[in-house]
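Student:
Protein chains in written order, with this note's numbering: chain A, 1009 to 1327; chain B, 87 to 413.
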């Protein structure tokens, strides 16, 4: 949450182009047929950090999705404990057979990290999908209709933002009970405020354009104007925001699981693995190091990709 | 100025009512019987049961309960803990100083290091230092705080101790006190750095981007054209404007630290309010949860007000210009 609030402020900057490419690109002679997205893609591909980040994300997704096909045979099951071998396989340091070592119950840590990626990625994507949808609906209602709608929705946003985010999520989970589905419901239901504000300000800018008045004069309905004319022109900021939010949703999930409120054992989740590894910090540091590095690299990839998209799409968010 | 402050204070009222309503709704849908929590596992005589119900107004409809709660709240009474049977305000009076001290240390680190690195990396744009700062701040904002805290415990508490043969290490947990072998101030080092880490990275990023943006403005070119040195232009002209969003962020962040401290406090076993509220949520001890959240919200509002006033002082355009306040 803090992250998203801070992004609000960071993105107000119009000149943060770490690679200084935006200007050069705009200066290049432009081909006659260029779309916004084609243009953006070209710029994104020149940003090495963003490309590396994107490749890393694709790699994680592929590994996580294909896990059932090879992980159990090569590395062993991520959840089952072989009681006969548990003592002898417990806390083995990293080796060729177990690249990330084994945990205290003799399970392969790499297998658990790979299956943990499924949890983190799905929580990230689904929670952000929920919060983005709520944010788009409320944000566009507020901006498009204005007046009392705007006041009500923005006051509601203020209330949600005044609430300490992590406490709110924890309290929500206390109400719903821990578990996989409840984690993304809680994160999704509470994360919409920033997106709503972004959408609102984006629409307020787009709304003043003449083509909106033209559409209205032609008799288009409100829904049609919002869906066909306004949202496509505000979607760039949503894409940027959603990408960055996936990273912070993954971080929140790991914190919740670390506290024991999120994913429950034996399902492997990165935050849970770190909390389990805490007891063996000295004897078997790889137990907490490997899932931690997994979180770090994944979230970093989403952050860098988001940065790259922001520069490529030339999104300026002011609210 | 007085009008501006009054208006900002009035804006807090609906937010405050909203927050308390939301808390109340959560409390009423959370599973668990408060009377069982107050009385424990013992069997209760019906009259005693009735007494507890009446004393806590649990037989009234929910909106009447809300009225009672708000009435008590306005008289400074946060209620009594279900399980510990002490007044909530006493619990937080004990705990709050720890969180406040930790947050102040973290904010100090954030301001000094964050702003300094941000300015340096903006001035030396695209240099090696700039790339290093950009990369390390990106890493810092992506790192799970609890993991970072554990890494620091590992290095400064354990490895350093082994390396120096037990001669030097930093305390792993707790807030000092008579049984600790370390002086009290050493207990603050690791938790404060952990708490500051992410915020520090954001501060540096915002400072850098704001300064870069301001440096492109016309009045900066004019200042250079007058023949001022780069130092004078940056210190006297650019920084003043570039600082406003940074101050805003630090203000928001101070509030976030009150609750974000949960993770840091849990790892370092720090006796602050974040950890206290977390335990209360797990135990469904709602008077503590509500009291704690309300306390945090009030602190956040006061800090936001101070930030708003401070940049209204910095920047006359905000004082006289836009009417919209924080939006």
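We put the CB at the ideal spot given by N, CA and C, even for glycine. Note that the coordinates shown come from a computational prediction; the quantities given were computed from them, not determined experimentally.
1) Suppose you measure from the CA of residue 1136/A to the CA of residue 257/B; what does that come to, to the nearest Å?
2) List, from N- to C-terminal side, the alpha helix (DSSP H) runs of 4 residues or more that fit wholly inside the region 325 to 361 of chain B.
3) Taking DSSP as the reference, what is the three-state secondary structure of residue 280/B?
4) So, does the region 371 to 382 of chain B touch the region 158 to 175 of chain B, judging by three or more C-beta pairs under 8 Å?
5) Closer than 9 Å, Cβ to Cβ, to anything on chain A: give me those residues from the region 218 to 241 of chain B, in chain order.
6) Name the chain A residues whose beta carbon is nearer than 8 Å to that of residue 329/B?
7) Apart from the five residues on each side of it in sequence, which residues of its chain come closer than 7 Å, Cβ to Cβ, to residue 375/B?
8) Determine the contact status of residue 230/B and residue 1134/A, defining contact as a CB-CB distance below 7 Å.
9) Where does residue 1216/A sit, in a helix, a strand or coil, going by DSSP?
10) Could you tell me which chain B residues have their CB closer than 8 Å to the CB of residue 1163/A, listed as they occur along the chain?
11) Output, in sequence order along the chain, the residues in the region 344 to 362 of chain B whose CB is closer than 9 Å to any CB in chain A.
12) Output yes or no for whether 7 Å exceeds the beta carbon distance between residue 1052/A and residue 1058/A.
13) Could one say the Cβ of residue 399/B lies closer than 7 Å to chain A's Cβ atoms, at least one of them?
14) Using DSSP with H/G/I as helix, E/B as strand and the rest coil, what is residue 1032/A?
15) Strictly by DSSP, which residues pair up with residue 304/B?
16) Return the chain-ordered ranges of every alpha helix (DSSP H) run that is complete within the region 1038 to 1086 of chain A and spans a minimum of 4 residues.
17) Can you pull the chain C neighbours of residue 1127/A, defined as C-beta to C-beta under 7 Å?
18) Given a limit of 8 Å on CB to CB distance, which residues of the region 1245 to 1256 of chain A reach chain B?
19) Going by DSSP in three states, residue 173/B sits in which element: helix, strand or coil?
20) Classify residue 1230/A as buried or exposed, calling it buried when 16 or more other Cβ atoms lie within 10 Å of its own Cβ.
21) Taking the continuous alpha helix (DSSP H) assigned at residue 1246/A, which residues delimit it?
22) Based on Cα-Cα distance, which residue from 1305/A, 1238/A, 1216/A and 1210/A lies nearest to residue 1255/A?
23) Can you pull out the residues from the region 165 to 183 of chain B whose beta carbon lies closer than 7 Å to at least one beta carbon of chain A?
24) Output needed for residue 1388/A: all residues of its chain with C-beta closer than 6 Å, excluding positions within five of it in sequence on either side, in chain order.
25) Indicate whether at least one CB of chain A lies closer than 7 Å to the CB of residue 93/B.
26) Specify, as a first and last residue, the run of the alpha helix (DSSP H) that residue 1118/A falls within.
27) So what's residue 250/B in DSSP terms, helix, strand or just coil?
28) For residue 319/B, go through chain A and note every residue whose CB falls closer than 7 Å to its CB, in chain order.
29) Are residue 1331/A and residue 1109/A touching if we call contact CB-CB under 7 Å?
30) Starting from the beta carbon of residue 1312/A, find every residue of chain B whose beta carbon is closer than 8 Å, and list them in chain order.
31) Among residues of its own chain, excluding the 5 on either side of residue 275/B, which ones have a beta-carbon nearer than 6 Å to its beta-carbon?
32) Just the C-alpha distance for residue 201/B and residue 397/B, rounded to the nearest angstrom, thanks.
33) Go to residue 141/B, then tell me how far its alpha helix (DSSP H) extends in each direction, as first and last residue.
34) Can you give me, in chain order, the residues of the region 1204 to 1236 of chain A that have a beta carbon less than 8 Å from any beta carbon in chain B?
35) On a CA-only basis, which of 1151/A, 1138/A, 1070/A and 1148/A is nearest residue 975/A? Give me that one, please.
36) Apart from the five residues just before and just after residue 287/B, which ones in its own chain have a Cβ nearer than 6 Å to its Cβ?
Tutor: On the basis of the data shown:
1) Between the alpha carbons of residue 1136/A and residue 257/B lies a distance of about 39 Å.
2) Complete alpha helix (DSSP H) runs here, min 4: 325 to 353.
3) Helix at residue 280/B.
4) Short answer: they touch.
5) Listed in sequence order: 220, 221, 224, 225, 227, 228, 229, 230, 231, 232, 233, 234, 236, 237, 239 and 240.
6) Within 8 Å Cβ-Cβ: nothing; residue 329/B doesn't reach chain A, min ~12 Å.
7) 363, 366 and 367.
8) Going by C-beta atoms, residue 230/B is not nearer than 7 Å to residue 1134/A.
9) In the three-state DSSP reduction, residue 1216/A falls in the coil class, being neither helix nor strand.
10) Going along chain B in sequence order, the residues near residue 1163/A (Cβ under 8 Å) are 100, 101 and 104.
11) Within the region 344 to 362 of chain B, the qualifying residues are 344, 345, 346, 348, 349, 352, 353 and 360.
12) Yes, Cβ-Cβ distance for residue 1052/A and residue 1058/A is below 7 Å.
13) It does not; no Cβ of chain A falls within 7 Å.
14) Caution applies to residue 1032/A, whose pLDDT of 44 falls short of 50 and renders its modelled position unreliable; the value that the coordinates give is listed next. In this structure, residue 1032/A counts as helix in the three-state DSSP scheme.
15) Per DSSP, none; premise fails for residue 304/B.
16) Counting only runs of 4 or more, we get 1044 to 1054, 1056 to 1073 and 1075 to 1082.
17) You won't find chain C in this structure, because its protein chains are A and B.
18) Answer in chain order: 1255.
19) Strand.
20) An exposed status is given to residue 1230/A, since fewer than 16 other beta-carbon atoms sit within 10 Å of its beta-carbon.
21) Residues 1239 to 1266.
22) Taking only the C-alpha atoms, the option nearest residue 1255/A is 1305/A.
23) Those residues of the region 165 to 183 of chain B that come within reach of chain A (Cβ to Cβ, closer than 7 Å) do not exist; the list is empty.
24) No answer is possible for residue 1388/A: the residues shown for chain A start at 1009 and end at 1327.
25) Not one chain A Cβ lies under 7 Å of residue 93/B.
26) In the DSSP assignment, residue 1118/A falls within the alpha helix (DSSP H) that extends over 1117 to 1153.
27) Under the three-state reduction of DSSP, residue 250/B is assigned to coil, being neither helix nor strand.
28) Correct list: empty, because the minimum Cβ distance to chain A is about 17 Å.
29) There is no way to answer for residue 1331/A, as the model of chain A reaches only from 1009 to 1327.
30) The contacting residues are 224.
31) Cβ neighbours of residue 275/B beyond the five flanking positions: 256.
32) Annotation: residue 201/B to residue 397/B spans about 17 Å, alpha carbon to alpha carbon.
33) Note, residue 141/B: alpha helix (DSSP H), 132 to 141.
34) Result list empty, no residue passes.
35) Outside the shown range of chain A, which is 1009 to 1327, sits residue 975/A, and nothing can be said about it.
36) The residues 223, 226 and 227, in chain order, have a CB closer than 6 Å to that of residue 287/B in the same chain once the five nearest residues on each side in sequence are set aside.
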